[in-house]
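Trainee:
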Amino acid sequence: MSRQWREVKTFPDRDIVRFVSPRDFKTKFPSTRIIIDGTECPVMKPKSPIAQQSTFSTYKNRNTIKLLVGATPGGLINYLSPAYGGSTSDRQICEKSNLFSICDKGDSIMADKGFNVQDLFAPYDVSINIPTFFRKKNRMTGKTVLKDRAISSKRVQLIKF
Numbered sequence: 188m189s190r191q192w193r194e195v196k197t198f199p200d201r202d203i204v205r206f207v208s209p210r211d212f213k214t215k216f217p218s219t220r221i222i223i224d225g226t227e228c229p230v231m232k233p234k235s236p237i238a239q240q241s242t243f244s245t246y247k248n249r250n251t252i253k254l255l256v257g258a259t260p261g262g263l264i265n266y267l268s269p270a271y272g273g274s275t276s277d278r279q280i281c282e283k284s285n286l287f288s289i290c291d292k293g294d295s296i297m298a299d300k301g302f303n304v305q306d307l308f309a310p311y312d313v314s315i316n317i318p319t320f321f322r323k324k325n326r327m328t329g330k331t332v333l334k335d336r337a338i339s340s341k342r343v344q345l346i347k348f
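In the numbering used here, the protein residues as written are 188 to 348.
(1) Could you check the C-alpha separation between residue 218 and residue 246 for me, to the nearest Å?
(2) Should residue 300 go down as buried or exposed, given a rule of 16 or more other Cβ atoms within 10 Å for buried?
(3) Please classify residue 308: is it buried, with 16 or more other beta-carbons within 10 angstroms of its beta-carbon, or exposed?
(4) State buried or exposed for residue 255, treating a residue as buried only when at least 16 other CB atoms are found within 10 Å of its CB.
(5) Expressed to the nearest angstrom, what Euclidean distance is found between the alpha-carbon atoms of residue 223 and residue 282?
(6) In whole angstroms, give me the CA-to-CA distance for residue 316 and residue 305.
(7) Which word fits residue 250, buried or exposed, when buried means at least 16 other C-beta atoms lie within 10 angstroms of its C-beta?
(8) Can you tell me whether residue 221 is buried or exposed, with buried defined as 16 or more other CB within 10 angstroms of its CB?
(9) What residues in its chain sit with their C-beta under 7 Å from that of residue 239, if we drop five residues either side in the sequence?
(10) Determine the DSSP secondary structure at residue 132, reduced to helix, strand or coil.
(11) For residue 276, collect the residues of the same chain with a Cβ closer than 8 Å to its Cβ; drop the 5 residues on either side in sequence, then sort them by chain order.
(12) May I have the straight-line CA-CA distance separating residue 213 from residue 263, to the nearest angstrom?
(13) If you count every other CB in all the chains shown that lies within 10 Å of the CB of residue 260, and 16 or more means buried, which is it?
(14) If you count every other CB in all the chains shown that lies within 10 Å of the CB of residue 323, and 16 or more means buried, which is it?
(15) Per DSSP, residue 256 forms a beta bridge with which residues?
(16) Going by CA-CA distance only, name the one from 302, 295, 303, 229 that's closest to residue 311.
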């Protein structure tokens, strides 16, 4: 599927993304160009033990393929990575994807806390908006809680699609 989509220019430029973004997004997250999330699709159990191991997802407790899906704040699906076995982490998919090369300097990517990949995008001057996560004993400030709620509420738009 990613090969077919590669032929179509589905990654609109920054001005178009901003123009079609919801008003609330424009004010709170003006540089957000893409919202990403990992998606797992179930597959039949492969006969090969090696294939079984690479496709087994401990999160879903079954054999799956996993891919990275991206959407603009306005709802256009604008990125699909190649599919990987269900045991592949979100970080590994980000490392293997070409997402760095299609983002422009100053862009921002919104993701959930599983995408702790700021170090991968920093050399390209692309920032990652993810909710803060702490160990049990640490407390968040009120400002951090409000920022995290804003990120989470906007990121949910991708899950709805």
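Virtual Cβ for every residue (Gly too), placed ideally from N, Cα, C.
Mentor: Taking the coordinates as given:
(1) 32 Å
(2) exposed
(3) buried
(4) buried
(5) 14 Å
(6) 9 Å
(7) buried
(8) buried
(9) 232, 233, 250
(10) Examination of residue 132 is not possible in this model, given that the chain is present from 188 through 348 alone.
(11) none
(12) 16 Å
(13) buried
(14) Note that residue 323 scores 48 on pLDDT, short of 50, meaning its location in the model is unreliable; the coordinates nonetheless yield the value given after this. It counts as exposed.
(15) 224, 267
(16) 295
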